[in-house]
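Right, one structure below, let's go through it.
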């Protein structure tokens, strides 16, 4: 009986994992081409029973995690040694394998949707709790994944030999930042009924806050 339950669980797990081959590119395309629609989709799914959620796409946190995993695998395939693992100084000494490095990157890039969500809740002037924070956080994970992917790919190219690679990498990183800023500007403008300029100012402030935290985390790992 227990063996049959294990087989059923394995069957469900196998289907779930293999379905990512279909739903990851679908979610990526939807988020890249229609980010606001993807964020609205995330909002609508949280109103459904858990078993009915995200049937046509990956859940936002899973999408962010898989994106960072793909970026990590791409860096490994390009022959780039993982600096977090290789560096034995300071807090980096706690990151000693691919799993811990991936978890660290996931936590770091999750800071951006968290900060966006906190600004949203603060502007709404609603009580801060797990429920009020979850709705915007899930939606924010979609564009944050594209942002993280762009920065990761750009970093890989910059690390390769050749001026052309460095220029291409820098261009991709700038494009990722511009994409993220534009999406968040539109999102804030829609959510609060303000102009795109005001939404952009809010988004820019939050992105700068996130980049400061990224820089600070990097300093902690180096010391």
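Residue numbers (our numbering): 104 to 326. We put the CB at the ideal spot given by N, CA and C, even for glycine.
Excluding sequence positions up to five before and after residue 284, its CB lies within less than 7 Å of the CB of 303, 306, 307 and 310, all in the same chain and listed in chain order.
In the three-state reduction of the DSSP assignment, residue 180 falls in the helix class. Rounded to whole angstroms, the separation of the alpha carbons of residue 115 and residue 232 is 33 Å. Residue 279: member of the alpha helix (DSSP H) spanning 266-295, first to last residue. In the assembly as shown, residue 287 is a buried residue. Its beta-carbon has 16 or more other beta-carbons within 10 Å. Here residue 298 carries a coil assignment [DSSP, helix/strand/coil]. Taking C-beta separations shorter than 6 Å and ignoring five residues to either side along the sequence, the partners of residue 214 in its chain run 313 and 316, following chain order.
Of the other Cβ atoms in all chains shown, 16 or more fall within 10 Å of the Cβ of residue 243; this residue is therefore buried. Counting of Cβ neighbours within 10 angstroms places residue 153 among the exposed residues, the total staying below 16. Straight-line spacing of the CA atoms in residue 122 and residue 238 works out to 25 Å.
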